[in-house]
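Notes follow the structure.
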Amino acid sequence: MKVAIVTGGSNGIGKSAALELGKKGIGVILTYHSDQESAEEVIREIEKNHSIRAIALRLDLSKKETFADFAKNVRTNLEEIWNRKTFDYLVNNGGIGGGMPFDEMTEEYFYKIFNTNFVGPFFLTQHLIRFMEDGGRIVNISSSSSRGSFPGYSAYGSSKAALTSWSRYLAKELSPRRIRVNSISPGPVHTNLGGGVFDKHPEFIQPLADQTALGRIGSPIDIAHTIVQFLSDEFGWVTAQDIEVSGGFLL
Ligand SMILES: NC(=O)c1ccc[n+]([C@@H]2O[C@H](COP(=O)([O-])OP(=O)(O)OC[C@H]3O[C@@H](n4cnc5c(N)ncnc54)[C@H](OP(=O)(O)O)[C@@H]3O)[C@@H](O)[C@H]2O)c1
Numbered sequence: 089m090k091v092a093i094v095t096g097g098s099n100g101i102g103k104s105a106a107l108e109l110g111k112k113g114i115g116v117i118l119t120y121h122s123d124q125e126s127a128e129e130v131i132r133e134i135e136k137n138h139s140i141r142a143i144a145l146r147l148d149l150s151k152k153e154t155f156a157d158f159a160k161n162v163r164t165n166l167e168e169i170w171n172r173k174t175f176d177y178l179v180n181n182g183g184i185g186g187g188m189p190f191d192e193m194t195e196e197y198f199y200k201i202f203n204t205n206f207v208g209p210f211f212l213t214q215h216l217i218r219f220m221e222d223g224g225r226i227v228n229i230s231s232s233s234s235r236g237s238f239p240g241y242s243a244y245g246s247s248k249a250a251l252t253s254w255s256r257y258l259a260k261e262l263s264p265r266r267i268r269v270n271s272i273s274p275g276p277v278h279t280n281l282g283g284g285v286f287d288k289h290p291e292f293i294q295p296l297a298d299q300t301a302l303g304r305i306g307s308p309i310d311i312a313h314t315i316v317q318f319l320s321d322e323f324g325w326v327t328a329q330d331i332e333v334s335g336g337f338l339l
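Numbering (the numbering used here), first residue to last: 89 to 339.
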């Protein structure tokens, strides 16, 4: 059985991706940060509906000193549950959102965003890649903010631009092992990002929908479908690409 690691699989886009991968018969190791309850619900749903094994492990992407132990834990679970020494797919999805005007930006906030959204996935992948199967696949979740210029989002947008750029370098460096690496840049998606901004401020939704060619903001499943496609054999000749999945945001 193929096995995927999905960071930030307890909520939003990662949760939707984990459920879709389960439906495809792929074993799932998902990570959560603060919401263990939701992570366990995702596991129950995958295992109930699809007779597939899934587990949830805690991970804080902003703490790279914990990654060696995390990787060890993953290896132990791969052996015990799947009788495997390797895994097949990595979805670097976990991250945080939020803004702060540039002239008020604190170093603390800047590094929190960068460490979680870029430094974390970078070094986590370094640990995990050592036991990814040759021919494996990586999808990094970037953002349309990496391409735009949204006031207040200079740290977030830059952290995602770094992630997109790194994806191309990784695609080249891992190509001798036939590992494909791509990234996805979602437009606005209704999730818990930024402290659940769309639930707290539903009035933010319509103006964004009005700026989207297809007339609504995204839902997690819109992005999850693209993640699953990127991981699939049908996309076997696609690497080092970034695709905006936004319904035509700001088109
Ligand atoms: N929503 C959007 O409009 C949008 C647009 C473009 C890109 N994205 C990107 O999509 C990805 C998923 O976000 P989402 O929209 O699905 O938001 P979400 O619903 O808030 O989900 C974020 C996920 O990341 C996890 N996470 C948060 N802090 C973490 C940390 N320090 N270490 C490890 N994991 C952490 C969360 O875990 P817990 O819930 O367990 O704490 C959760 O599973 C992010 O990388 C985000 O930047 C989102």
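Just so you know, even glycine gets a beta-carbon here, dropped at the ideal spot from N, CA and C.
Predicted, not measured: the structure shown is a model, and the values here were computed from it.
Placement of the Cβ of glycine 240 at a distance of 6 Å or more from every heavy atom of ligand 1 is found. Positions of the alpha helix (DSSP H) runs, each at least 4 residues long and wholly inside the region 92-122, are given as 100-111 in order along the chain.
Looking at the DSSP output, serine 271 shares a beta bridge with Asn228, Asp330. Relative to the non-hydrogen atoms of ligand 1, the Cβ of histidine 121 comes within a distance shorter than 6 Å of at least one. When secondary structure is reduced to three states using DSSP, leucine 319 falls in the helix class.
Between valine 227 and asparagine 280, the C-beta gap is not smaller than 7 Å, which leaves the two residues out of contact. Taken from the Cβ of isoleucine 131, every heavy atom of ligand 1 lies 6 Å or farther away.
Restricting attention to alpha helix (DSSP H) runs no shorter than 4 residues, the region 255-307 encloses them at 281-288, 293-298, ordered along the chain. With a minimum length of 4 residues, the unbroken runs of alpha helix (DSSP H) contained wholly in the region 128-205 fall at 155-165, 195-202. For glycine 208, the uninterrupted alpha helix (DSSP H) segment begins and ends at 208-216.
Straight-line measurement puts the Cα of lysine 103 at about 21 Å from the Cα of alanine 159. The Cβ neighbour count for histidine 278, taken over all protein chains shown within 10 Å, is at least 16; the residue is labelled buried.
Judged by DSSP in its simplified three-state form, glycine 236 adopts coil rather than helix or strand. Here arginine 225 has Tyr177, Arg268, Leu319 as same chain residues with Cβ atoms under 6 Å from its own Cβ, once five neighbours each way along the sequence are excluded.
Straight-line measurement puts the Cα of glycine 182 at about 13 Å from the Cα of leucine 145. At a cut-off of 6 Å, the beta-carbon of isoleucine 93 does not count as near ligand 1: no heavy atom of the ligand is closer than that. Burial state of glutamate 167 is exposed, judged by a 10 Å Cβ sphere holding fewer than 16 other Cβ atoms.
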